[in-house]
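Protein chains: 2
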Amino acid sequence: MTKLENFYNQIKNSPVFFGMSDDELKGLLECFNARIRKYEKDEMIIRQGDMISNIYLILEGGVNIEKDSYWGRRIIISRLGKNDNLALSFVGSKDVESSVDAIAVEDTLVLVLSYEKCTSMCQNACTRHKVLINNLFQILSKENIELIQKIENVSQKTIRDKLMTYLSNEAMKNHSNRFEIQFNRQDLADYLNVDRSAMSFELSKLQKEGLISYNKNRFELLS
Amino acid sequence: MTKLENFYNQIKNSPVFFGMSDDELKGLLECFNARIRKYEKDEMIIRQGDMISNIYLILEGGVNIEKDSYWGRRIIISRLGKNDNLALSFVGSKDVESSVDAIAVEDTLVLVLSYEKCTSMCQNACTRHKVLINNLFQILSKENIELIQKIENVSQKTIRDKLMTYLSNEAMKNHSNRFEIQFNRQDLADYLNVDRSAMSFELSKLQKEGLISYNKNRFELLS
DNA sequence: TTATTTTTGTTGTATAAACAACAGAAATGT
DNA sequence: ACATTTCTGTTGTTTATACAACAAAAATAA
Chain A
122 MTKLENFYNQ IKNSPVFFGM SDDELKGLLE CFNARIRKYE KDEMIIRQGD MISNIYLILE
182 GGVNIEKDSY WGRRIIISRL GKNDNLALSF VGSKDVESSV DAIAVEDTLV LVLSYEKCTS
242 MCQNACTRHK VLINNLFQIL SKENIELIQK IENVSQKTIR DKLMTYLSNE AMKNHSNRFE
302 IQFNRQDLAD YLNVDRSAMS FELSKLQKEG LISYNKNRFE LLS
Chain B
122 MTKLENFYNQ IKNSPVFFGM SDDELKGLLE CFNARIRKYE KDEMIIRQGD MISNIYLILE
182 GGVNIEKDSY WGRRIIISRL GKNDNLALSF VGSKDVESSV DAIAVEDTLV LVLSYEKCTS
242 MCQNACTRHK VLINNLFQIL SKENIELIQK IENVSQKTIR DKLMTYLSNE AMKNHSNRFE
302 IQFNRQDLAD YLNVDRSAMS FELSKLQKEG LISYNKNRFE LLS
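Chains as they are written, first to last, in this note's numbering: chain A, 122 to 344; chain B, 122 to 344.
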């Protein structure tokens, strides 16, 4: 069931609505005309050029943020999952259209809020809006830091260095040397901005040299 | 003179304080313990690992946001100038230390505000704080979008494509095919993540082929 | 189960970029 | 004005990666 009520607890505990009372949250969901949308695998949620006036919160599933480069090269900016927001920066920047695509990589449920509608109505006056904007500020901060980390990943010189930087960062995020990655090989290559086959080869080499071990999407860093 | 009063108009019109009344701004500057700091060329304003509890606003000069990669490679994340903010995302993310350096590339004046001090005092209650956080949200949005653009720049396959993508984006920002870039050649190479000499060679080639023309830091895109 | 499609790994070859070393130009200091 | 330092452009060589083509494995469908 994709009813709002079924996800109420998850929504209440998501970063966007963190710190709100039940009353505030309920009022806000109503005021923002909250509804749940379902996207199938490979469906486009946002496309390059769209004007974004909604806040999107992923309730279930996974989403790739991608960009098609001038000559058809696919760049994966990031992979988002449960409790992440989509395209928040394009909500914050008035009159800027999305420069990226958001694509469901599996069946995905998204909570959609009409941000503009509400803010124009309440003129930023209500207390719940104050809490919300505070949360949005913090969420964007985190996104920012993760984009910087992505830049670090892809800015390494060799495929080997990109892989090791990426895997180290993932290990850090998971507080463990054993972790699962979300990307398949092609997506990881598009994220690290390298050729898939060359990357596969380098992964094997790293394993043979005893630096890492992996099986499918489970990786382990061996110091 | 580096007195606050001398920069009052510039501060008032900066994105951070946009939309505030004189009274609000004056109160806020006091409450946030605003002061101006001067940094010499090549001086570090922020270093990797610092905890950031201040809002920094560049009044004059230029700043590189950099990161030293694992084996001493320099990565330039972005170049900031007048009216830009430093390290805002690390203010928004509690308990996260800076993952980047901020380095003055020329003599630079920075307005410094003790963000934490004030927010803990006023408990987000004052109206000026509400306006501020709204502005910060928008500023971070823009930063986010620019980071995505940087990712696009460095994610091109060849040096030539990186250069053309970068130059096109600069032309777009300047609303003109003739524009000046802020980077010198070494900095541009570190920004695009390529070897300087190879990049210089490619620039010459582009000029010989009639795609661009340049003289020092002035570029022109010839369609 | 078997057949089909998708994903992942392997290899050889062509190509682009890093690197090193240097020369000339421009900027800076004295 | 001169000396010195910094910046930019040029070239040859080495090295890493993209690309293509294919094989093996895994996942999915029939």
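Glycine residues also receive a C-beta, built at the ideal position from the N, C-alpha and C atoms. Computed from a prediction, not measured in an experiment: that's the story for all the values here.
| message | Quick check on the DSSP output: the beta strand (DSSP E) that includes N185 (chain B) runs from which residue to which? | response | 184-189
On the three-state DSSP scale, how would you describe T279 (chain A)? coil
Worksheet item: Name the DSSP bridge partner or partners of K251 (chain A)?
Response: In DSSP, K251 (chain A) forms no bridge with anything.
Ordered along the chain, which non-local residues of its own chain (more than five positions away) have a Cβ less than 6 angstroms from that of N204 (chain A)?
S135
request  = Under the assumption that N274 (chain B) contacts N290 (chain B) (Cβ atoms under 8 angstroms), give the Cβ distance between them as a whole number of angstroms.
outcome  = 7 angstroms
Can you tell which of A:R299, A:I333, A:I254, A:N265 has the C-alpha that lies nearest to the C-alpha of D282 (chain A)? A:I333
Is there contact between the stretch 217-235 of chain A and the stretch 170-190 of chain A, where contact requires at least three CB pairs shorter than 8 angstroms?
-> yes
Exercise. Hey, is the stretch 138-156 of chain A in contact with the stretch 193-212 of chain A, meaning 3+ C-beta pairs nearer than 8 angstroms?
Worked result: no
Next on the checklist: Beta carbons nearer than 8 angstroms to chain B: which residues of the stretch 197-222 of chain A have them?
Outcome noted: I198, L209, S210, F211, V212, G213, S214, K215, V217, S220, V221
Cβ-Cβ distance between A225 (chain B) and V184 (chain B) below 7 angstroms
yes
Legend entry - Heavy atom of the ligand FAD within 6 angstroms of Q270 (chain A) beta-carbon: Annotation note on the ligand FAD: not contained in the displayed structure, which lists no ligands.
*asked:* Please classify D216 (chain B) as buried or exposed, where buried requires at least 16 neighbouring CB atoms within 10 angstroms.
replied: exposed
Round the Cβ separation of M293 (chain A) and L309 (chain A) to the nearest angstrom and send it over; I've been treating them as touching at under 8 angstroms. Contact doesn't hold; Cβ gap of about 17 angstroms is too wide.
Under 7 angstroms between C-beta atoms of L261 (chain B) and L201 (chain B): no
Quick check on the DSSP output: what are the complete beta strand (DSSP E) runs of length 3 or more inside the stretch 154-181 of chain A, in order along the chain?
156-160, 165-167, 175-181
Checklist line | Selected residue, minimal CA-CA separation from G148 (chain B), among B:G213, B:Y129, B:R317, B:E164 | finding: B:Y129
- Quick one: Cα of G170 (chain A) to Cα of S219 (chain A), how far? 5 angstroms
Exercise. Per DSSP, which one or two residues make a beta bridge with N336 (chain A)?
Worked result: A:R339
Looking at chain A, which residues of the stretch 257-273 of chain B have a Cβ within less than 8 angstroms of any of its Cβ atoms? L257, F258, Q259, L261, S262, K263, E264, N265, I266, L268, I269, Q270, K271, I272, E273
Which whole-angstrom value describes the C-beta separation of I173 (chain B) and V212 (chain B), a residue pair presumed to lie in contact below a C-beta threshold of 8 angstroms? 5 angstroms
Item to check | F304 (chain B), DSSP secondary structure in three states | outcome: coil
| said: Taking 7 angstroms as the threshold (C-beta atoms), are I197 (chain B) and D311 (chain B) in contact? | reply: yes
### Message
Tell me the rounded alpha-carbon separation between K159 (chain A) and T123 (chain A).
### Response
8 angstroms
Review point. Can you tell me the Cα-Cα spacing of T248 (chain A) and Q259 (chain B), whole angstroms?
Key: 19 angstroms
- At 7 angstroms on the CB atoms, spell out the chain A contacts of R194 (chain B), in chain order. K278
Quiz item: Using the rule of at least 16 other Cβ atoms within 10 Å of the residue's Cβ for burial, across every protein chain shown, is T286 (chain B) buried or exposed?
Solution: buried
Original post:
Under the three-state reduction of DSSP, which class applies to T123 (chain B): helix, strand or coil?
Top reply: coil
| request: Check the Cβ-Cβ distances between I254 (chain A) and every residue of chain B, and say whether any is below 7 angstroms. | output: yes
Notebook entry, point to check: Whole-angstrom Cβ separation of F340 (chain A) and I302 (chain A), contact assumed at under 8 angstroms?
Noted result: 6 angstroms
Measuring only the C-alpha atoms, how far is S297 (chain A) from E151 (chain A)? 41 angstroms
Note to self: Helix, strand or coil, according to DSSP, for E330 (chain A) in the structure here?
What the structure shows: coil
> For A223 (chain B), which three-state DSSP category applies?
Replying inline: strand
task: Evaluate F322 (chain A) with the Cβ neighbour count: other Cβ atoms within 10 Å of its Cβ, from every protein chain shown; 16 or more gives buried, anything less gives exposed.
output: exposed
query = Can you check whether the CB of L288 (chain B) is closer than 7 angstroms to the CB of L268 (chain A)?
reply = no
| Cβ neighbour criterion (16 or more within 10 Å) applied to L343 (chain B) | exposed
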